[in-house]
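> Oh and the sequence shown: position 26 is 26 in my numbering, straight run, nothing missing.
Ideal Cβ positions, reconstructed from N, Cα and C, are used throughout, including at glycine.
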Amino acid sequence: MTPSETGNGLEAAQAVVADDGAHLFRGWVQQGAHMALPVAGARGSWFWDYAGNRYLDFSSQLVYANLGHQHPRLVAAVKEQADRLCVIAPHFAEERRATAARKIAELAPEGLNRVLFTTGGAEAVEHAVRLARLHTGRYKLLSAHHSFHGATPTAIQLTGDPRRWRNDTGNAGVVRFFPPYLYRSAFYAETEEQECARALEHLEQVIVLEGAQTIAALVLEPVGGTSSGVLVPPAGYLAGVRELCDRYGIVLIFDEIMVGFGRTGAWFASDHWGVRPDLMTFAKGVNSGYVPLSGVVVCDEIVETFTKTPYPGGSTYSGHPLGCAVAVEAIDTMRDEGVVEHAARLGREVFEPELTKMAERHPCVGEARGIGAIWSLELVKSKETREMYVGFDAPDRLTPQGAELMGALMKRGLNAMVYINRLNITPPCNISEEDAREGLARIDEALGVADARVV
C-alpha cells in the first residue's frame, strides 16, 4: 500500500488543497465557496483521502466510472497503448480507433454504422445537432424540460434544468416540451398509460404549432439522467416519439451520454424499448472515463448526405488512441464479466425493492424510481403536497439543505449526488451486491437529516 492509503502524507494533502484553492477555477460553484476533498487514491467502488478515510462511490464520480476505479484491464490498456502509440492525428487510420468504432457500431441499433469521435459529451451533442441541421436544411430543435445535455453553447440551451437559465440567450432555436413525469404530471394524468398518451399528444401539438417543416431534430435522453431525477419513460412513449419524428421528417437524437454502456442494465437505454434513433451520442461509460472520449453514432441515411460534400466539423483529439484503447478494453471487459447483466440484476433485486421500502419509511422521500444501476429519490417537504425539498429557484447544490444532506452522507463514508431535490444513486455498474446494500444502509441513516425538515 502507498503512504496515502495507510493514512500518511498529510503534508501532501495540505499542499494539494492549497494549490487547488489558489489556482483552480471550477464550474457550477461559487469560486472560493467550494472546499474540495483531497483524494489520494481509489480502487473498485471505493476511494480514500490522505487521512485514510474511505468513501463508497455511489455516484461513479460524475456517472462515468461504470467499471469502477483502477480496473486492472483498463489500466493495462492505457499502459499498453501508451507504449505503442500515444497520439496520432484523426486523418490517419489507427488500430484502436478503428476497432473502437467497429465495436460501438456493432452495439448500436441497426443502421447506425459510423462513429464521429469527440472528447466530451457536450461536444458530441453539438456535432449531433450540426449533423441534423445540415442533413435536413432546418434550424429549430426540440428538447425536453427536466433534461441535461452539456455546458457548451448549444448543449446548454438544449438543457431543460435550471443550469440553463443564466446561459440561455434564446438564439439557439430551441423549443422545449414536457416529457412523461407522472409524479409531477403536467397533464393531470393518473396512470402511466394516461401520461404516455397525453405526453405524445402534447408533443405533436408542439411540433405542429412550431411548424414541423422548421424543425431539424428532437433531442431526448431515452431515460432521463440525474438532472431529471431518472425519469424512466412509460411503455410506448419512445416508440411514439419515433413515429412522430418519422411522420414529420424530424431527426431523432438520443442522448445516451449518461445512460449508455450498461448503466440501465442494457448496452443502451433505448434497447429496453427497441427504438432506433437517427443519431446517438455517447461518452462517460464508453471507457469509464479513464481517458476522455465521446462521440456520435450516425445512421446510414445521414452518412449518405456527406458522401459528396465534406462534413464541416472535427477536432484535434477526435478518436484519441489512448481513449479508444480503453474503450475497446472496457467493452470487452463488460462482456467478459457480465457487467450489463449484473447492473440489470442489481436494479431488480437490490435497488428497486430496497429503495421502494426506503421511500415508504422516510417522510422526506416522495418517490423512488430508476432502472439498472441508475436510481433517484425525489425529496419533498411534504408527501401530501409534494412540495420540493429544494426548489428550482435554488438549484445550486450548496444550498443549506443540500449541503446538510451531502455532509451527512460523506460523514458516513458515502459519496452520492444531491442535486436540487434529488438524491441520485449511480454506483459503478460492477459494484458488488454487498457494497450496494452497504451504500443503501448508509443512505437510510443519512436521510434522517432531511426527515427532520419535513413539514
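#1: Quickly, what does DSSP pair Lys140 with across the bridge? List them, please.
#2: The beta strand (DSSP E) spanning Glu378 covers which residue range?
#3: For the stretch 217–226 against the stretch 139–157, do three or more pairs of beta-carbon atoms, one drawn from each stretch, fall closer than 8 Å, so that the two count as touching?
#4: Using CA coordinates, which residue listed in Ile420, Gly225, Leu238 is at the minimum distance from Trp28?
#5: In chain order, what are the residue ranges of uninterrupted alpha helix (DSSP H) at least 4 long that sit wholly in the stretch 76–112?
#6: Report the option in Trp267, His127, Ile371, Leu447 whose CA atom is closest to the CA atom of Lys381.
#7: Please report the distance separating the alpha-carbon of Ser60 from that of Ala18.
#8: Grab the span of the alpha helix (DSSP H) containing Glu210 for me, first residue to last.
#9: Any chance you could list the beta strand (DSSP E) runs of at least 3 consecutive residues sitting entirely within the stretch 205–291, in chain order?
#10: Out of Ala22, Glu256, Thr152, Ala436, state which residue places its alpha-carbon closest to the alpha-carbon of Ser45.
#11: Kindly give me the distance between the Cβ atoms of Gly121 and Lys284, rounded to whole angstroms, as I take these residues to be in contact under 8 Å.
#12: Report yes if the C-beta distance between Leu67 and Asn424 is below 7 Å; otherwise report no.
#13: With which residues is Ile425 paired in a DSSP beta bridge?
#14: Using a Cβ-Cβ cutoff of less than 8 Å, which residues in the same chain neighbour Ala359 once the five nearest sequence positions on both sides are dropped?
#15: Excluding the 5 residues preceding and the 5 following Tyr139 in the sequence, name in chain order all residues of the same chain whose CB lies nearer than 8 Å to its CB.
#16: So what does DSSP say about Val340, is it helix, strand or coil?
#17: Among the candidates Met334, Gly274, Tyr317, Cys299, whose CA atom is the shortest distance from the CA of Leu293?
#18: Per DSSP, what kind of secondary structure is Trp28 in: helix, strand or coil?
#19: Would you call Thr191 buried or exposed, if buried means 16 or more other Cβ atoms sit within 10 Å of its Cβ?
#20: Using C-beta distances below 7 Å, list every residue in its chain close to Ala12, excluding the 5 sequence neighbours before and after it, in chain order.
#21: Determine the direct distance from the alpha carbon of Phe392 to that of Ala452, and round the result to whole angstroms.
#22: I'd like to know whether the C-beta atoms of Pro321 and Arg96 end up nearer to each other than 7 Å.
#23: May I ask you to report which of helix, strand or coil DSSP gives Thr356?
#24: Would DSSP call Arg54 helix, strand or coil?
#25: Express the C-alpha separation of Val125 and Glu404 in angstroms, rounding to a whole number.
#26: Does the Cβ of Glu304 have 16 or more other Cβ atoms within 10 Å, making it buried, or fewer, making it exposed?
#27: On the three-state DSSP scale, how would you describe Phe392?
This is what the structure holds:
#1: To locate residue 140, count along the sequence shown from 1; it is residue 140. Note: Lys140 sits in a beta bridge opposite Ile215.
#2: The residue you call residue 378 lines up with position 378 of the sequence shown. First-last of the beta strand (DSSP E) with Glu378: 374–379.
#3: yes
#4: Taking the first residue of the sequence shown as position 1, residue 28 is located at position 28. Considering only alpha carbons, the answer is Ile420.
#5: 95–107
#6: Counted from its first residue, the sequence shown places residue 381 at position 381. That would be Leu447, whose Cα lies nearest to the Cα of Lys381.
#7: Your numbering for residue 60 matches position 60 in the sequence shown. Your numbering for residue 18 matches position 18 in the sequence shown. Ser60 and Ala18: Cα-Cα distance of roughly 26 Å.
#8: Counting from one through the sequence shown, the residue named residue 210 turns up at place 210. First-last of the alpha helix (DSSP H) with Glu210: 192–210.
#9: 215–220, 251–255, 279–282
#10: Here residue 45 refers to the residue found at position 45 of the sequence shown. Out of Ala22, Glu256, Thr152, Ala436, Ala436 has the C-alpha closest to the C-alpha of Ser45.
#11: On the sequence shown, residue 121 is found 121 positions in, with the first residue counted as 1. On the sequence shown, residue 284 is found 284 positions in, with the first residue counted as 1. So it is a contact: roughly 7 Å between Cβ atoms.
#12: Here residue 67 refers to the residue found at position 67 when the sequence shown is read from its first residue. Here residue 424 refers to the residue found at position 424 when the sequence shown is read from its first residue. Cβ distance not < 7 Å, so Leu67 and Asn424 don't count as in contact.
#13: Here the question's residue 425 lines up with position 425 in the sequence shown. Note: Ile425 sits in a beta bridge opposite Trp375.
#14: Here residue 359 corresponds to residue number 359 of the sequence shown, with the count starting at 1. Hits under 8 Å: Val365, Gly366, Glu367, Ala368, Leu377.
#15: Position 139 of the sequence shown, counting from 1, holds the residue named residue 139. Counting only Cβ-Cβ distances below 8 Å, and skipping sequence neighbours, we find Arg133, Gly173, Thr214, Ala216.
#16: The count along the sequence shown starts at 1 and reaches residue 340 at position 340. Here Val340 sits in helix by DSSP.
#17: The residue given as residue 293 occupies position 293 in the sequence shown. That would be Tyr317, whose Cα lies nearest to the Cα of Leu293.
#18: The sequence position of residue 28 within the sequence shown is 28, counting from 1. Here Trp28 sits in coil by DSSP.
#19: Here residue 191 is taken as the residue at index 191 of the sequence shown, counted from 1. Classification for Thr191: exposed.
#20: Within the sequence shown, the letter at position 12 stands for residue 12. So the qualifying residues of the chain are Tyr50.
#21: In the sequence shown, the residue the question calls residue 452 occupies position 452. In the sequence shown, the residue the question calls residue 392 occupies position 392. Those two C-alpha atoms are separated by around 21 Å.
#22: The sequence position of residue 321 within the sequence shown is 321, counting from 1. The sequence position of residue 96 within the sequence shown is 96, counting from 1. Yes, Cβ-Cβ distance for Pro321 and Arg96 is below 7 Å.
#23: Here the question's residue 356 lines up with position 356 in the sequence shown. Looking at Thr356 - three-state DSSP - the assignment turns out to be helix.
#24: In the sequence shown, residue 54 corresponds to position 54, counting from 1. Strand, per DSSP.
#25: Sequence index remark: in the sequence shown, residue 404 carries index 404 (1-based). Sequence index remark: in the sequence shown, residue 125 carries index 125 (1-based). Between Glu404 and Val125, the C-alpha separation is close to 34 Å.
#26: Working through the sequence shown from its first residue, we reach residue 304 at position 304. Exposed, by the Cβ-count rule.
#27: Numbered from its first residue, the sequence shown carries residue 392 at position 392. DSSP places Phe392 in coil when its eight states are reduced to three.
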